[in-house]
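Student: Read in the working numbering, the sequence shown has 67 at position 65, and its numbers run on one by one without any break. One structure is given below, represented as structure tokens, and several questions about it will come after.
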Amino acid sequence: KGFLGASAILIGTIVGFLVAIPMGKVDFTPVAEAGWFSFPNPLAYGMSFEWPAIVAMLFMYIVTTVETVGDISGITMGGAGREATDKELSGGIIADGFFSSFAALFNALPNTSFSQNVGLISFTGVVSNYVVKVGAIFLILCGLFPKIGALVACIPMPVFGGSLLIMFAFIATSGITLIVAGGLTKRNLLIVAASLSLRFGLSGVPEAMQYFPESVKLIFSGAGIVPACIVALVLNLVLPEDAERREAARA
């Protein structure tokens, strides 16, 4: 109950880490080799503009925008029991785009919402800006003090996997909740089925893209996420609304 219930995943991770140490599953060598302080060097690899990469990243940004909308909606549904407001959705998308520009300058990958947080919030019911700020401070410390980051990184993957297993299940259930909230109509089920078929089809048969040009494979590779998202967006735009929704919209 209370604090212990909300901290169950953290406690499980710490206990798993401590048990793994005497079992010889933890290697502290990276911690010993890591420096005490490090500051990111802007544009360490220079800057160049390659159109295939630019187009691929544009598609990825569309996908991550959709992901951010889904994550914010999942957080408010799972943690607050309501749908996300337009202000919350636009704020999250703007934050992703704005800070991704800084990520590029400091040699990092673009920012994206962390879907595991959807499962964590659904599990704990904790929705607090204070908690997010504390987590942000911890991540900053991991970046500025490599030994802290290396200590976290040396946690064995089985420990992380055991902790995150239920989180991924909560992500799936949050997605199902959003689909159900939109209505289990033939139109919506067709959109979900078409996007899922591409998502899992291309990840299961990656050689399906082998005859396409490299620029196309760069855009549509990556476990089928981009084509699945594009198909969902296009179908949502072109498929006519169900009769019940049209009548409700007119009313």
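Glycine included, C-beta positions come from ideal geometry on N, C-alpha and C. No experiment lies behind these values; they were computed from the predicted model shown.
Tell me the residue span of the alpha helix (DSSP H) that contains A86.
Tutor: Your numbering for residue 86 matches position 84 in the sequence shown. Run containing A86: none; DSSP gives neither H nor E here.
Student: Quick one: what does DSSP say D29 is sitting in, helix, strand or coil?
Tutor: As a position in the sequence shown, residue 29 is number 27, starting the count at 1. Note: D29 maps to coil in three-state DSSP.
Student: Under 8 Å, do S115 and G94 count as touching if we go by C-beta distance?
Tutor: Looking up residue 115 in the sequence shown gives position 113. Looking up residue 94 in the sequence shown gives position 92. In this structure, G94 lies closer than 8 Å to S115 by Cβ.
Student: Any idea what DSSP makes of L45, helix, strand or coil?
Tutor: Taking the first residue of the sequence shown as 1, we reach residue 45 at position 43. In the three-state scheme derived from DSSP, where H, G and I count as helix and E and B as strand, L45 is classed as coil.
Student: Relative to the C-alpha of G83, which residue among I142, S124 and V17 is closest?
Tutor: Counting from one through the sequence shown, the residue named residue 83 turns up at place 81. Of the candidates I142, S124 and V17, the one whose C-alpha sits nearest the C-alpha of G83 is S124.
Student: Assign V120 to buried or exposed, taking buried as 16 or more other Cβ atoms, counted over all protein chains shown, within 10 Å of its Cβ.
Tutor: In the sequence shown, the residue the question calls residue 120 occupies position 118. It is buried - the Cβ of V120 has at least 16 other Cβ atoms within 10 Å.
Student: Is D244 helix, strand or coil by DSSP?
Tutor: In the sequence shown, counting from the first residue as 1, residue 244 sits at position 242. DSSP places D244 outside both helix and strand once states are collapsed to three, so it counts as coil.
Student: In chain order, what are the residue ranges of uninterrupted alpha helix (DSSP H) at least 4 long that sit wholly in the stretch 114-164?
Tutor: 118-126, 131-146 and 148-155
Student: With a threshold of 8 Å, are at least 3 pairs of Cβ atoms found where one atom belongs to the stretch 10-30 and the other to the stretch 160-169?
Tutor: yes
Student: By how many angstroms is the C-alpha of C231 removed from the C-alpha of T263?
Tutor: Examination of residue 263 is not possible in this model, given that the chain is present from 3 through 253 alone.
Student: Whose C-alpha, out of A34, T31, S92 and T126, is nearest the C-alpha of L6?
Tutor: For this step, residue 6 is matched to residue 4 along the sequence shown. When only C-alpha atoms are compared, the closest one is T126.
Student: Do the CB positions of K149 and V33 come within less than 8 Å of each other?
Tutor: Residue mapping note: residue 149 aligns to position 147 of the sequence shown, counting from 1. Residue mapping note: residue 33 aligns to position 31 of the sequence shown, counting from 1. Yes, the pair counts as a contact, with Cβ atoms nearer than the cut-off.
Student: Look at F234 and I168 and say whether their C-beta atoms are less than 8 Å apart.
Tutor: Taking the first residue of the sequence shown as position 1, residue 234 is located at position 232. Taking the first residue of the sequence shown as position 1, residue 168 is located at position 166. The question names Phe, yet the displayed sequence has Ala at residue 234. No, the Cβ-Cβ distance between A234 and I168 is not below 8 Å.
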